[in-house]
Ligand code: SF4
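Here's what the structure looks like:
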């Protein structure tokens, strides 16, 4: 049985940058805080916590501490509030998320309706909405458009950075059926596009796909969704979830991982299956 790892898999630029920044910030200190998990990978967040980088949900109570803004960014009002406190703020917002925030901020100068294609409750999207000065609506997919009131104003469409281009295009096409003045700002990041493209290509060549990453990670869930269109796909966080029954009829297995999945987890999964990252299976070892 052959194991193939997707060409683009695991840590992206934004996640790597955030972790390096957090590790640099904690050096020489007992602990620092992140507002919400720095990235969407529970195992890596746990590893960071052991190094003194702790995630908290209520930073308002902190005094004189160091607070790191996570890769997904935070809402505008929250940032303003925190800046007034006696905190040392370190911004680990991914530059691509920041770019989407800035685009929305600039668009909001005019009286337009802004539609964000993304998951309503995802921290990045919650942050993006806060930059809409007038009307901002979030839609998950083209079926959601019916629930949004778009009037006579021009419509500007922006995307969560980790959406699929196909979903973004479908939403835009739906909006254009009823609105005349529509401009689009495809803010999906390159890392997302690369991972989705590699995952799709690999899924078409293998008998089983294993997608590794946080169950709370939107980009990992979308990788699993993409792969499952072409081959049986299993989304796992760690090697403990592997089931040998998934591989009984498989000659080739594909591995991919979300943008917040560290190499050490990918390696553990590959080893638990019985091979190495780019090697061949020697045996299937079930460590669950
Ligand atoms: S997936 Fe894209 S937007 Fe998100 S952290 Fe990585 S590079 Fe930044």
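Numbering (my numbering), first residue to last: 959 to 1246.
C-beta atoms are modelled at their ideal positions from N, C-alpha and C, and glycine is treated no differently.
All figures in this text were calculated on a predicted structure; none of them were measured in a lab.
Let me confirm a value: residue i is counted as buried when at least 16 other C-beta atoms fall within 10 Å, else exposed. Which label applies?
{"i": "residue 1085", "result": "buried"}
{"i": "residue 1059", "result": "buried"}
{"i": "residue 978", "result": "exposed"}
{"i": "residue 1230", "result": "buried"}
{"i": "residue 1009", "result": "exposed"}
{"i": "residue 1099", "result": "exposed"}
{"i": "residue 1202", "result": "exposed"}
{"i": "residue 1044", "result": "exposed"}
{"i": "residue 1238", "result": "At residue 1238, the pLDDT of 41 sits below 50, so the modelled position is not reliable; the number obtained from the coordinates is stated separately. Result: exposed."}
{"i": "residue 1046", "result": "exposed"}
{"i": "residue 1141", "result": "exposed"}
{"i": "residue 1241", "result": "Low local confidence applies: a pLDDT of 37 at residue 1241 is under 50, so the model's placement there is unreliable, with the coordinate-based value given in what follows. Burial call: exposed."}
{"i": "residue 1079", "result": "exposed"}
Nearest CA to the CA of residue i: which residue from the options?
{"i": "residue 1069", "options": "1110, 1055, 1102", "result": "1110"}
{"i": "residue 1048", "options": "983, 1198, 1105, 964", "result": "983"}
{"i": "residue 1200", "options": "1175, 1188, 1166", "result": "1166"}
{"i": "residue 1115", "options": "1020, 1075, 1121, 1080", "result": "1075"}
{"i": "residue 1185", "options": "1198, 1154, 1176", "result": "1154"}
{"i": "residue 972", "options": "1119, 1209, 1142, 1193", "result": "1119"}
{"i": "residue 1179", "options": "1209, 1164, 1122, 1159", "result": "1122"}
{"i": "residue 1017", "options": "1041, 1000, 1088, 1147", "result": "1041"}
{"i": "residue 1094", "options": "1071, 1081, 1101, 1105", "result": "1071"}
{"i": "residue 1210", "options": "1087, 1160, 975", "result": "1160"}
{"i": "residue 1061", "options": "1124, 1193, 1088, 1036", "result": "1088"}
{"i": "residue 1051", "options": "1097, 1000, 980", "result": "980"}
{"i": "residue 1135", "options": "1156, 1080, 1146, 1113", "result": "1113"}
{"i": "residue 1218", "options": "999, 1204, 1162", "result": "999"}
Can you give me the C-alpha to C-alpha distance between residue i and residue j, rounded to a whole angstrom?
{"i": "residue 1038", "j": "residue 1053", "result": "19 angstroms"}
{"i": "residue 1222", "j": "residue 1128", "result": "36 angstroms"}
{"i": "residue 1207", "j": "residue 961", "result": "14 angstroms"}
{"i": "residue 1107", "j": "residue 1033", "result": "23 angstroms"}
{"i": "residue 1103", "j": "residue 1183", "result": "21 angstroms"}
{"i": "residue 1055", "j": "residue 1138", "result": "28 angstroms"}
{"i": "residue 1220", "j": "residue 1149", "result": "15 angstroms"}
{"i": "residue 1077", "j": "residue 1228", "result": "31 angstroms"}
{"i": "residue 1195", "j": "residue 1083", "result": "23 angstroms"}
{"i": "residue 1189", "j": "residue 1021", "result": "51 angstroms"}
{"i": "residue 1187", "j": "residue 967", "result": "18 angstroms"}
{"i": "residue 1143", "j": "residue 1126", "result": "10 angstroms"}
{"i": "residue 1225", "j": "residue 1197", "result": "9 angstroms"}
{"i": "residue 1244", "j": "residue 1193", "result": "Confidence in residue 1244 is poor, its pLDDT being 36 and thus under 50, which makes the residue's placement unreliable; the coordinate value appears in the next sentence. In a straight line, the C-alpha of residue 1244 is about 16 angstroms away from that of residue 1193."}
{"i": "residue 1151", "j": "residue 1015", "result": "30 angstroms"}
{"i": "residue 1175", "j": "residue 974", "result": "16 angstroms"}
{"i": "residue 987", "j": "residue 976", "result": "17 angstroms"}
{"i": "residue 1057", "j": "residue 1105", "result": "27 angstroms"}
{"i": "residue 1019", "j": "residue 1145", "result": "34 angstroms"}
{"i": "residue 1011", "j": "residue 1204", "result": "36 angstroms"}
{"i": "residue 970", "j": "residue 1181", "result": "14 angstroms"}
{"i": "residue 959", "j": "residue 1191", "result": "16 angstroms"}
Leaving out five residues before and five after residue i in sequence, what residues of the same chain have Cβ atoms less than 7 angstroms from its Cβ?
{"i": "residue 1091", "result": "1066"}
{"i": "residue 1236", "result": "In this prediction, residue 1236 has a pLDDT of 46, which is less than 50 and means its spatial position is unreliable; what the coordinates show is noted afterwards. Correct list, in chain order: 963."}
{"i": "residue 1132", "result": "1100, 1103"}
{"i": "residue 1035", "result": "1088"}
{"i": "residue 1247", "result": "Nothing about residue 1247 can be reported from this structure: the residues present for the chain run from 959 to 1246 only."}
{"i": "residue 1097", "result": "1073, 1075, 1103, 1106, 1129"}
{"i": "residue 1164", "result": "962, 1189, 1210, 1211, 1212"}
{"i": "residue 1162", "result": "1188"}
With a threshold of 8 angstroms on Cβ separation, who are the neighbours of residue i within its own chain once the five nearest residues in sequence on each side are excluded?
{"i": "residue 1003", "result": "995, 996, 997, 1013"}
{"i": "residue 1081", "result": "994, 1028, 1030, 1031, 1032"}
{"i": "residue 1117", "result": "1058, 1074, 1075, 1076, 1126, 1143, 1144, 1145, 1146"}
If we define contact as Cβ-Cβ less than 9 angstroms, is residue i a contact residue for chain B?
{"i": "residue 1058", "result": "In summary, chain B is missing from the structure at hand, where a single protein chain is found."}
Residues in its own chain within less than 6 angstroms of residue i by CB, not counting five upstream and five downstream?
{"i": "residue 1006", "result": "none"}
{"i": "residue 985", "result": "none"}
{"i": "residue 1158", "result": "1184"}
{"i": "residue 1063", "result": "1089"}
{"i": "residue 1147", "result": "1054, 1119"}
{"i": "residue 1156", "result": "964, 965, 966"}
Handout entry: Meets three-Cβ-pair contact criterion under 8 angstroms: the stretch 1168-1176 and the stretch 1210-1219
Key = Result yes; three or more Cβ-Cβ pairs closer than 8 angstroms.
Handout entry: the stretch 1024-1031 in contact with the stretch 979-996 per 3-pair CB rule at 8 angstroms
Key = At 8 angstroms Cβ cutoff, the stretches touch.
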